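Chemist:
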Amino acid sequence: MAEYWDKKIECAPLYEIRALQSFRLSQTIRRVYENVPHYRNKMDEAGVKPEDIVSTKDLYKLPFTYKQDLRDTYPYGLFAVGMDKVVRLHASSGTTGKQIVVGYTEKDIEIWKECCARAFIAYGCTKNDFMHISYGYGLFTGGLGVHYGAEHVGMTVIPVSVGNTNRQITIIKDFGSTVLCATPSYVLHLAETMEDMGFTKDDINLRIGVLGAEPWTEEMRVQIQEKLGIRAYDIYGLSEIIGPGVAYECSEQTGMHINEDHFIAEIIDPDTGEVLPDGVQGELVFTCITKEAFPLIRYRTRDIAVLKREKCSCGRTFIKMMKPAGRSDDMLIIRGVNVFPSQIESVLLQLGNTSPHYQLIVDRVNNTDILEVQVEISHEMFSDTVKSIEQQENIIKSAVESILGISATIKLVEPKSLQRFEGKAVRVIDKRRIK
Amino acid sequence: MLIKQISIFVENKPGRLSSVTKILKENGIDIKALSIADTKDFGILRLIVNDTEKAVSALKNADCTVTQTDVIAIGVEDKPGGLYDIMNLLNQNGIGVEYMYAFVSKPTENIAYVILRVEDNEKTISVLNENNIKLLTSIDVKEA
Chain A
5 MAEYWDKKIE CAPLYEIRAL QSFRLSQTIR RVYENVPHYR NKMDEAGVKP
55 EDIVSTKDLY KLPFTYKQDL RDTYPYGLFA VGMDKVVRLH ASSGTTGKQI
105 VVGYTEKDIE IWKECCARAF IAYGCTKNDF MHISYGYGLF TGGLGVHYGA
155 EHVGMTVIPV SVGNTNRQIT IIKDFGSTVL CATPSYVLHL AETMEDMGFT
205 KDDINLRIGV LGAEPWTEEM RVQIQEKLGI RAYDIYGLSE IIGPGVAYEC
255 SEQTGMHINE DHFIAEIIDP DTGEVLPDGV QGELVFTCIT KEAFPLIRYR
305 TRDIAVLKRE KCSCGRTFIK MMKPAGRSDD MLIIRGVNVF PSQIESVLLQ
355 LGNTSPHYQL IVDRVNNTDI LEVQVEISHE MFSDTVKSIE QQENIIKSAV
405 ESILGISATI KLVEPKSLQR FEGKAVRVID KRRIK
Chain B
66 MLIKQISIFV ENKPGRLSSV TKILKENGID IKALSIADTK DFGILRLIVN
116 DTEKAVSALK NADCTVTQTD VIAIGVEDKP GGLYDIMNLL NQNGIGVEYM
166 YAFVSKPTEN IAYVILRVED NEKTISVLNE NNIKLLTSID VKEA
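These protein sequence lines are chains A and B, in that order.
To convert, take the position in the first sequence, counting from 1, and add 4; that gives the working numbering.
To convert, take the position in the second sequence, counting from 1, and add 65; that gives the working numbering.
(1) With a threshold of 9 Å between beta-carbons, can lysine 125 of chain B be considered close to chain A, or not?
(2) Between isoleucine 125 of chain A and proline 345 of chain A, what straight-line distance do the alpha-carbon atoms span, to the nearest angstrom?
(3) Under the three-state reduction of DSSP, which class applies to arginine 368 of chain A: helix, strand or coil?
(4) Can you tell me which of A:Ala50, A:Pro79 and A:Lys71 puts its alpha carbon nearest to the alpha carbon of lysine 65 of chain A?
(5) For phenylalanine 290 of chain A, would you say it is in contact with chain C, using Cβ-to-Cβ distances shorter than 9 Å as the test?
(6) Note down, in chain order, all residues in the region 401-422 of chain A with a beta-carbon under 8 Å from any beta-carbon belonging to chain B.
(7) When Cβ atoms are compared, which residues of the region 113-130 of chain A fall closer than 8 Å to chain B?
(8) Check the Cβ-Cβ distances between glutamate 187 of chain B and every residue of chain A, and say whether any is below 9 Å.
(9) Can you round the beta-carbon distance between tryptophan 220 of chain A and proline 188 of chain A to whole angstroms, since I take them to be within the 8 Å contact cut?
(10) Relative to the ligand MG, is the shortest distance from any of its heavy atoms to the C-beta of aspartate 275 of chain A smaller than 8 Å?
(11) Give the secondary structure of threonine 130 of chain A by DSSP, where H, G and I count as helix, E and B as strand, and everything else as coil.
(12) Quick check on tyrosine 178 of chain B - is its C-beta less than 9 Å from some C-beta in chain A?
(13) Buried or exposed: arginine 313 of chain A, going by 16 or more other Cβ atoms within 10 Å of its Cβ?
(14) Using the beta-carbon of each residue, which ones in chain A are nearer than 7 Å to glycine 116 of chain B?
(15) Does serine 382 of chain A pass the burial test, meaning 16 or more other C-beta atoms within 10 Å, or should it be called exposed?
(16) Can the beta-carbon of alanine 123 of chain B be found closer than 9 Å to that of glutamate 91 of chain B?
(17) What's the C-alpha gap between glycine 277 of chain A and aspartate 367 of chain A?
(18) Closer than 7 Å, Cβ to any Cβ of chain B: which residues of the region 368-392 of chain A, in chain order?
(19) When the Cα atoms are used, what is the spatial distance from lysine 435 of chain A to glutamate 418 of chain A?
(20) To the nearest whole angstrom, what separates the beta carbons of aspartate 388 of chain A and arginine 81 of chain B, a pair I think is in contact under 8 Å?
(21) Between which two residues does the alpha helix (DSSP H) containing threonine 69 of chain A stretch?
(22) When Cβ atoms are compared, which residues of the region 177-207 of chain A fall closer than 7 Å to chain B?
(23) What is the C-beta distance between isoleucine 212 of chain A and tyrosine 237 of chain A, in whole angstroms, given that I count them as a contact (C-beta under 8 Å)?
(24) Return the residue from the list A:Ile208, A:Glu223, A:Arg320 and A:Leu408 that minimises the CA-CA distance to cysteine 341 of chain A.
(25) Quick check: the Cα distance between threonine 100 of chain A and alanine 177 of chain B, rounded to an integer number of angstroms?
(26) For glycine 202 of chain A and asparagine 170 of chain A, I'd like the C-alpha separation in whole angstroms.
(27) Do three or more CB pairs link the region 302-313 of chain A to the region 269-285 of chain A at distances below 8 Å?
(28) Taking C-beta pairs closer than 7 Å, name the residues in chain A that phenylalanine 107 of chain B reaches, listed in chain order.
(29) When the distance is taken between beta carbons, is phenylalanine 168 of chain B closer than 9 Å to lysine 87 of chain B?
(30) Could you check if arginine 2 of chain A is buried or exposed, using at least 16 other CB atoms within 10 Å of its CB as the buried criterion?
(31) Give a yes or no on whether 9 Å exceeds the smallest Cβ distance from alanine 102 of chain B to chain A.
(32) Where do the N-terminal and C-terminal ends of the alpha helix (DSSP H) with histidine 156 of chain A fall, by residue?
(33) In chain A, what lies closer than 7 Å to phenylalanine 168 of chain B by C-beta?
(34) Roughly how far, in whole angstroms, is the beta-carbon of phenylalanine 298 of chain A from the beta-carbon of leucine 82 of chain A, given that I think they are within contact range, below 8 Å?
(35) Assign phenylalanine 344 of chain A to one of three DSSP states: helix, strand, or coil.
(36) Judging by CA-CA distance, which residue of A:Cys254, A:Arg431 and A:Glu222 is the nearest neighbour of glutamine 378 of chain A?
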């Protein structure tokens, strides 16, 4: 079994990676300055010329690109090639505001395939595997992105897309799927439905999970691995940068190696924009250095993470990003306290008998923020007496309050009643923004 | 001597009782007795039905949260003080009642049927037996 897809680059010494990055960065900056008026204007305003950018050390001089820049230039304003070179478009789901459009040249698609292939080989996939893809196909980058990568490896791809959970389980059983690619919340839902249908992990051949597109916790990983008898690996990506495959875990499962020959990662202080040293938590910023159609420069991802460059037992030298702690977009400030939805998820999974399907509802009543946590009730916590259900609510309430440090009301709701969008769980409803 | 009761978690929102009872209708389930415990946010619908297994699997398939509990069904003389006699008996024996509810009975019998949910079923049954209180079997309940 091959351990690497491209050992030469994945295990390259740091000085080689830096040299490659510096060269590609300076070329990319020159290209966007010439071809994209929006970047040219922003660089001119900041007083930076393409010739000022000769190495990765000069990165900090460049202005950030925000999601708002993508909206302002909608749909094609940030494209760096003519549309005759663009072979594919994708668009973000538009859950928060106006959708954004990204484009790919033929070479960009090749890069994307390579990035995903590296990930799958790191997870231990081989061309003998059957990859069941439950990511949505369509404008969402998830489905098609991993699909091309899996074919590139030579796996047998089963493009199931989202929905019809019972049918998905039948396919997993009958087609002999060995690799499952889906959002972690959907995988848990699949596992639960499988139990309801009377199947166990012994009835299926799944051995590897490729999970991403939403933040998830270590506790959730443990649960998924136990329930399905698989090793669950994180895959990171965002449409703006390329889609899934920006970073991937290795057998260590202790962070995701970033494909540094294509993307330069930085961690910055989200408030000041100052670049932070490795090991410090902050906002992830990416610069694309090989993409032709849509090379974003210093893009603010809003994902809160930590970068660590350390010797990895897998032999890869690519820098590792620790699982995002949440998005600075998702981060709620409730009565002055920072709250990440992932904290609630950890609490629910630690309690054991609750389902990890939850939603935070924040509102403002009489100028005071109030937090309600809705949790889907599980069979294990349900009982025929009000007293014992209220006891369960109180256990969740004190656990939530002790981790957040603010009071919250707990509301138990019926299973599968919380909103899910294209398989992605909707974790926060902030009514304060609507008012 | 014990009767199976089904409890269903029902959120307080319009249409929920209607959709739960629709599932029962579509599966030909006959409800023999029912009660609802309600709180601000949710209710617990408790049912005694003619075919417990079928009802539970139909409800679970429809993603309802369901649990089964053993309860006691007794026949109470339909006269003033009939229920008091039994409550007093339970009280004197230190048996606490979690909840109880009455259900249909044959008009010819002059007996009211009552479902009892207690902490200790065994002890309750022996106290009731010693005092010649009529305990209903699941067959009695199905035929009621």
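C-beta atoms are modelled at their ideal positions from N, C-alpha and C, and glycine is treated no differently.
The structure displayed is predicted, hence computed values, not measured ones.
Modeler: On the basis of the coordinates in this document:
(1) The C-beta of lysine 125 of chain B comes closer than 9 Å to at least one C-beta of chain A.
(2) Using only the alpha carbons, I get a separation of about 31 Å.
(3) Arginine 368 of chain A falls in the strand class under three-state DSSP.
(4) Looking at the Cα atoms, A:Ala50 is the closest of the given residues.
(5) Annotation note: the requested chain C is absent from the structure, which comprises protein chains A and B.
(6) Those residues of the region 401-422 of chain A placed with their C-beta closer than 8 Å to a C-beta in chain B are Lys415, Leu416, Val417, Glu418, Pro419, Lys420 and Ser421, ordered along the chain.
(7) Residues of the region 113-130 of chain A with a Cβ closer than 8 Å to any Cβ of chain B: none.
(8) Nearest CB-CB separation between glutamate 187 of chain B and chain A: not below the 9 Å threshold.
(9) With a Cβ gap of about 4 Å, tryptophan 220 of chain A and proline 188 of chain A count as contacting.
(10) Because no ligand of any kind appears in the structure shown, any question about the ligand MG cannot be addressed here.
(11) Reduced to three states, the DSSP call for threonine 130 of chain A is coil.
(12) Not one chain A Cβ lies under 9 Å of tyrosine 178 of chain B.
(13) The C-beta of arginine 313 of chain A has fewer than 16 other C-beta atoms within 10 Å across all chains shown, which makes the residue exposed.
(14) Note that residue 116 of chain B corresponds to aspartate in the displayed sequence, not to glycine. Listed by position along chain A, the residues whose Cβ is nearer than 7 Å to that of aspartate 116 of chain B form an empty set, because the closest Cβ is around 19 Å away.
(15) By the neighbour-count rule (16 or more Cβ atoms within 10 Å), serine 382 of chain A is buried.
(16) In contact: alanine 123 of chain B and glutamate 91 of chain B (Cβ atoms closer than 9 Å).
(17) Their Cα atoms are separated by approximately 30 Å.
(18) For the region 368-392 of chain A, which is checked against every Cβ of chain B, the residues closer than 7 Å are Ile381, His383, Phe386, Ser387, Asp388, Thr389 and Val390.
(19) Answer to the nearest angstrom: the Cα atoms are 22 Å apart.
(20) In fact, because the Cβ distance is near 17 Å, the residues do not count as touching under 8 Å.
(21) Per DSSP, threonine 69 of chain A belongs to no alpha helix (DSSP H) and is neither H nor E.
(22) For the region 177-207 of chain A, which is checked against every Cβ of chain B, the residues closer than 7 Å are Asp200.
(23) About 7 Å; that satisfies the 8 Å criterion.
(24) Per the sequence presented here, residue 341 of chain A reads as valine, with cysteine not at that position. Scanning A:Ile208, A:Glu223, A:Arg320 and A:Leu408 for the CA closest to the CA of valine 341 of chain A turns up A:Leu408.
(25) With a pLDDT of 49 at threonine 100 of chain A, under the threshold of 50, the modelled position of this residue cannot be trusted; read the value that follows with caution. For the pair threonine 100 of chain A and alanine 177 of chain B, the Cα-to-Cα distance works out to about 59 Å.
(26) Counting only the Cα atoms, asparagine 170 of chain A lies some 12 Å from glycine 202 of chain A.
(27) As far as the Cβ criterion goes, the region 302-313 of chain A touches the region 269-285 of chain A, which means the pair count is three or higher.
(28) Simply Leu416.
(29) Here lysine 87 of chain B is not near phenylalanine 168 of chain B, since their CB atoms are 9 Å or more apart.
(30) Because residue 2 of chain A is not part of the residues shown, which for chain A are 5 to 439, the question remains open.
(31) At least one chain A Cβ lies under 9 Å of alanine 102 of chain B.
(32) First-last of the alpha helix (DSSP H) with histidine 156 of chain A: 145-157.
(33) What phenylalanine 168 of chain B touches in chain A: nothing, since even the nearest Cβ is about 16 Å away.
(34) About 6 Å separates the two Cβ atoms, so the contact holds.
(35) In this structure, phenylalanine 344 of chain A counts as coil in the three-state DSSP scheme.
(36) Here the closest residue by C-alpha is A:Arg431.
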